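Sequence lines, in order, name chains A and B.
For the first sequence, this note's numbering assigns the number 498 to the initial residue and increments by one for each residue that follows.
For the second sequence, this note's numbering assigns the number 498 to the initial residue and increments by one for each residue that follows.
Quick reminder that beta carbons are idealized off the backbone N, C-alpha and C, glycines included.
The structure displayed is predicted, hence computed values, not measured ones.
Number of protein chains: 2
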Amino acid sequence: MNQAELSAFKQFVDREGVLLEGAAREDLAGVLQGCDPVLGEVLEYALFGGGKRIRPLLAILAARICGRNDRELYRLAVAFEYLHVATLVHDDVIDNARQRRGRDAVGHRFGMAAAILAGDWLHARSMHLVGRYAGPRGLDIFCHSTAGMVDGEFLQLRYVADPEVTEEQYFSVIHRKTALLIASTCEIGALFGGAGKKQQLSLALYGDRLGTAFQVIDDLLDYQGDSAATGKAIGNDFVEGKMTLPLIRAFAAAGREDRDVLASLLRQDRTDPAVQARFSGLVDALGGFSSARQSAEQMVGEAVSALDVFARGGNPESLAMLKALAGYVLARDK
Amino acid sequence: MNQAELSAFKQFVDREGVLLEGAAREDLAGVLQGCDPVLGEVLEYALFGGGKRIRPLLAILAARICGRNDRELYRLAVAFEYLHVATLVHDDVIDNARQRRGRDAVGHRFGMAAAILAGDWLHARSMHLVGRYAGPRGLDIFCHSTAGMVDGEFLQLRYVADPEVTEEQYFSVIHRKTALLIASTCEIGALFGGAGKKQQLSLALYGDRLGTAFQVIDDLLDYQGDSAATGKAIGNDFVEGKMTLPLIRAFAAAGREDRDVLASLLRQDRTDPAVQARFSGLVDALGGFSSARQSAEQMVGEAVSALDVFARGGNPESLAMLKALAGYVLARDK
Numbered sequence: 498m499n500q501a502e503l504s505a506f507k508q509f510v511d512r513e514g515v516l517l518e519g520a521a522r523e524d525l526a527g528v529l530q531g532c533d534p535v536l537g538e539v540l541e542y543a544l545f546g547g548g549k550r551i552r553p554l555l556a557i558l559a560a561r562i563c564g565r566n567d568r569e570l571y572r573l574a575v576a577f578e579y580l581h582v583a584t585l586v587h588d589d590v591i592d593n594a595r596q597r598r599g600r601d602a603v604g605h606r607f608g609m610a611a612a613i614l615a616g617d618w619l620h621a622r623s624m625h626l627v628g629r630y631a632g633p634r635g636l637d638i639f640c641h642s643t644a645g646m647v648d649g650e651f652l653q654l655r656y657v658a659d660p661e662v663t664e665e666q667y668f669s670v671i672h673r674k675t676a677l678l679i680a681s682t683c684e685i686g687a688l689f690g691g692a693g694k695k696q697q698l699s700l701a702l703y704g705d706r707l708g709t710a711f712q713v714i715d716d717l718l719d720y721q722g723d724s725a726a727t728g729k730a731i732g733n734d735f736v737e738g739k740m741t742l743p744l745i746r747a748f749a750a751a752g753r754e755d756r757d758v759l760a761s762l763l764r765q766d767r768t769d770p771a772v773q774a775r776f777s778g779l780v781d782a783l784g785g786f787s788s789a790r791q792s793a794e795q796m797v798g799e800a801v802s803a804l805d806v807f808a809r810g811g812n813p814e815s816l817a818m819l820k821a822l823a824g825y826v827l828a829r830d831k
Numbered sequence: 498m499n500q501a502e503l504s505a506f507k508q509f510v511d512r513e514g515v516l517l518e519g520a521a522r523e524d525l526a527g528v529l530q531g532c533d534p535v536l537g538e539v540l541e542y543a544l545f546g547g548g549k550r551i552r553p554l555l556a557i558l559a560a561r562i563c564g565r566n567d568r569e570l571y572r573l574a575v576a577f578e579y580l581h582v583a584t585l586v587h588d589d590v591i592d593n594a595r596q597r598r599g600r601d602a603v604g605h606r607f608g609m610a611a612a613i614l615a616g617d618w619l620h621a622r623s624m625h626l627v628g629r630y631a632g633p634r635g636l637d638i639f640c641h642s643t644a645g646m647v648d649g650e651f652l653q654l655r656y657v658a659d660p661e662v663t664e665e666q667y668f669s670v671i672h673r674k675t676a677l678l679i680a681s682t683c684e685i686g687a688l689f690g691g692a693g694k695k696q697q698l699s700l701a702l703y704g705d706r707l708g709t710a711f712q713v714i715d716d717l718l719d720y721q722g723d724s725a726a727t728g729k730a731i732g733n734d735f736v737e738g739k740m741t742l743p744l745i746r747a748f749a750a751a752g753r754e755d756r757d758v759l760a761s762l763l764r765q766d767r768t769d770p771a772v773q774a775r776f777s778g779l780v781d782a783l784g785g786f787s788s789a790r791q792s793a794e795q796m797v798g799e800a801v802s803a804l805d806v807f808a809r810g811g812n813p814e815s816l817a818m819l820k821a822l823a824g825y826v827l828a829r830d831k
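Below, the structure is given as structure tokens:
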């Protein structure tokens, strides 16, 4: 991305972000009438904390590139932010996390009960909106991906600190955990936009490749990101024993001796900074990080290629923004 | 209910229970293909633990009395059991409960992460089924009630151990927490059954009165039930400071002195059996329990009256079972 493209992308994100936030506030104001004010307060805190809003932006762009652009689009798009935030809030309860995006996690601030309940509320409301605006077919796609997310979390628990985890198993986890929802967001946006089958499939493929790359980068940033930028401590994944791509690649590249060292470090006290530094250093030396990044770059390339079907005619601005979003996934540092 | 009616009702519950369980297992087998086996294990444990299945039975009866009776009805009905179990599983995490229905709570047995995730899965699947089988209008009613349940929990937290809580506030909590879903179950069943507006409204009213009575009796059993039968310790509500109808009625009937005693006991260590016994004894002496039971009886009467519209023609067996279910709500001891 050159400077002009980056600047156009940022303008787009800011402009749409304002419209999305307005749509979310309008939705909440309507549906929370007569409800307990604390519920509203928790939702306000959870939803408007400066997230990147990638999912609703994708829904908007997918619908637009297929030819639809009206106010209802924002009403549908907020559903994807609701669901995403619901999963973050529940994940933070599960992980007993204190921080998210550089401030108190919802459960830490309002208590576990409020966090679980607010997550349930967002979950229900997101389904309601998708059912209303994208119809039974949209709801089918959406629910398939939400059920898949839960399944991905269970799979992930199964593979904790297991050095035998294969690349195929890793990708099956992140497919369910992350890519499925991003793919379904694009697909539902396309459906809502009146897309034909070919356009729907292309956008679903774009979302799948983008979502997978997004998670690979997320897993990389967990080791390489700047703690202030991500708002969480480096090495959370290592502490939890998550077998992410850099680790799997390092194991694959390692000789017998290095494999034993890696496996032994995984069994030691993973909260110990010295253990963390040795482990991370060895993964780096074995090319785990660079190899994982290369794979993410390749997937982003595949995502962009999936957009070829929209190259002629259609909507050049939306096409440019979908490409810019793919570039952003690689460039982000938090 | 006389002996013959009771026996017919029990036969009905057993017969339909087998069909419902079959439908749930069929649904799970289809949708869990390729999923992590632990997810299936947690769902199996959560769903097939001997619940009363009142909600799916209501959906079935409401559809049948409106003239529909086919296999798809069971597929819709399991959605109401899924949602109910999802809320129980999350409630038990919130309350840190060890026991439910006389055995380990899901979170206690499989851990909090599994419980939150399995609840999310059931939540999503219930919406999916309602959207698929009852259409956008059914999903609207359903989501309105699930959002209301969350709101009811927030309201309830607000009123903890507050002796000033009014009867109106109590009923607004249990309306959201319990009655709304039971009313919407009946309404969606009616909708699915092809009911006209009048039949839908009558069944929604029946469900609202029945659900309210159900919760009042639940709140009574928390003080008067047999611990072995309910599978939980007597006085859980008191420990949590829940202001239920017997307490509100006792405060209303009390003179200044008794009011002060009740309020002071509420502020003491509510886990102390001596405090519990004194409090419960005083509520009883002030007529709190008998007065709450009278109200429940009156509501059940209103529920049964709402069925008058089905008195002629229609489906005599379903009418009898809806009436028997109302009688069961009053007669149950767990």
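In summary, no residue of the region 515-526 of chain B has a CB separated from any CB of chain A by less than 8 Å. Cα atoms of Asp705/A and Val797/A: separation of roughly 10 Å, rounded to the nearest angstrom.
One thing to note: Phe776/A has its Cβ within 8 Å of the Cβ of Leu762/A.
If you compare the alpha carbons of Ala644/B, Asp524/B, Pro660/B, Ala828/B with that of Gly527/A, the shortest gap goes to Ala644/B. Straight through space, the alpha carbons of Ala750/A and Thr584/B are spaced by roughly 47 Å. Annotation for Val801/B: Lys820, Ala823 place their beta carbon closer than 6 Å to its own, counting only its chain and skipping 5 residues before and after. For Asp734/B, the enclosing alpha helix (DSSP H) stretches over residues 733-737. Here DSSP, grouped into helix, strand and coil, assigns Gln530/B to coil. Distance from the CA of Val780/B to the CA of Val590/B, rounded to the nearest whole angstrom, comes to 30 Å. For Ala556/B, the closest of Ala631/B, Gly599/B, Ser787/B by C-alpha to C-alpha distance is Ala631/B. By the rule that beta-carbons nearer than 8 Å mark a contact, Thr675/A does not touch chain B. With contacts defined as CB atoms closer than 8 Å, Leu517/A and Arg565/A fail to qualify as a contacting pair. Around Ser699/B, the same chain offers Ala803, Val806 as residues with beta carbons nearer than 6 Å, after the five sequence neighbours per side are excluded. Chain-order list of chain A residues neighbouring Leu652/B: Asp533, by C-beta distance under 7 Å.
When C-beta atoms of the region 640-659 of chain B are compared with those of the region 597-610 of chain B, fewer than three pairs fall below 8 Å, so the two segments do not count as touching. Closer than 8 Å to the CB of Gly604/B there is not a single CB belonging to chain A. A straight-line Cα-Cα distance of about 6 Å links Thr741/B and Asp716/B. Between Glu799/A and Leu827/A, the CB-CB gap reaches or exceeds 8 Å.
Phe506/A and Arg572/A have their C-alpha atoms roughly 22 Å apart. For Arg600/A, DSSP records a beta bridge to Arg597/A. Residue burial annotation: Phe545/A is exposed, with fewer than 16 other C-beta atoms found within 10 angstroms of its C-beta. Residues of the region 572-585 of chain A with a C-beta atom less than 7 Å from some C-beta of chain B do not occur. Inclusion of Val603/B and Val539/B in the CB contact set at 8 Å is warranted, their separation being smaller than that value.
Following the DSSP letters along the chain, one finds Pro743/A inside the alpha helix (DSSP H) bounded by residues 742-750. Assignment of Leu783/B by DSSP, reduced to helix, strand and coil, places it in the coil class. DSSP places Phe545/A in no alpha helix (DSSP H); its state is neither H nor E.
Look at the region 669-702 of chain B and you find these whole runs of alpha helix (DSSP H), each 4 residues long or longer: 677-689.
Of His620/A, Cys563/A, Asp734/A, the smallest CA-CA separation from Glu684/A is found for Cys563/A.
The alpha-carbon of Arg764/A is positioned some 9 Å away from that of Gly738/A.
In this structure, the alpha-carbon of Phe735/A lies about 33 Å from that of Gly514/A. Looking at Thr768/A, Ser815/A, Arg746/A, Glu814/A, the one whose alpha-carbon comes closest to that of Ala782/A is Arg746/A. Closer than 8 Å to the CB of Met609/A there is at least one CB belonging to chain B.
A Cβ-Cβ separation of about 4 Å places Ser681/B in contact with Ser642/B under the 8 Å criterion. If you draw a straight line from the Cα of Leu529/A to the Cα of Val772/A, it comes to about 48 Å. Of Ser504/B, Glu541/B, Ala559/B, Arg829/B, the smallest CA-CA separation from Gly693/B is found for Ala559/B. Listed by position along chain B, the residues whose Cβ is nearer than 8 Å to that of Arg629/A are Pro633, Leu636, Asp637.
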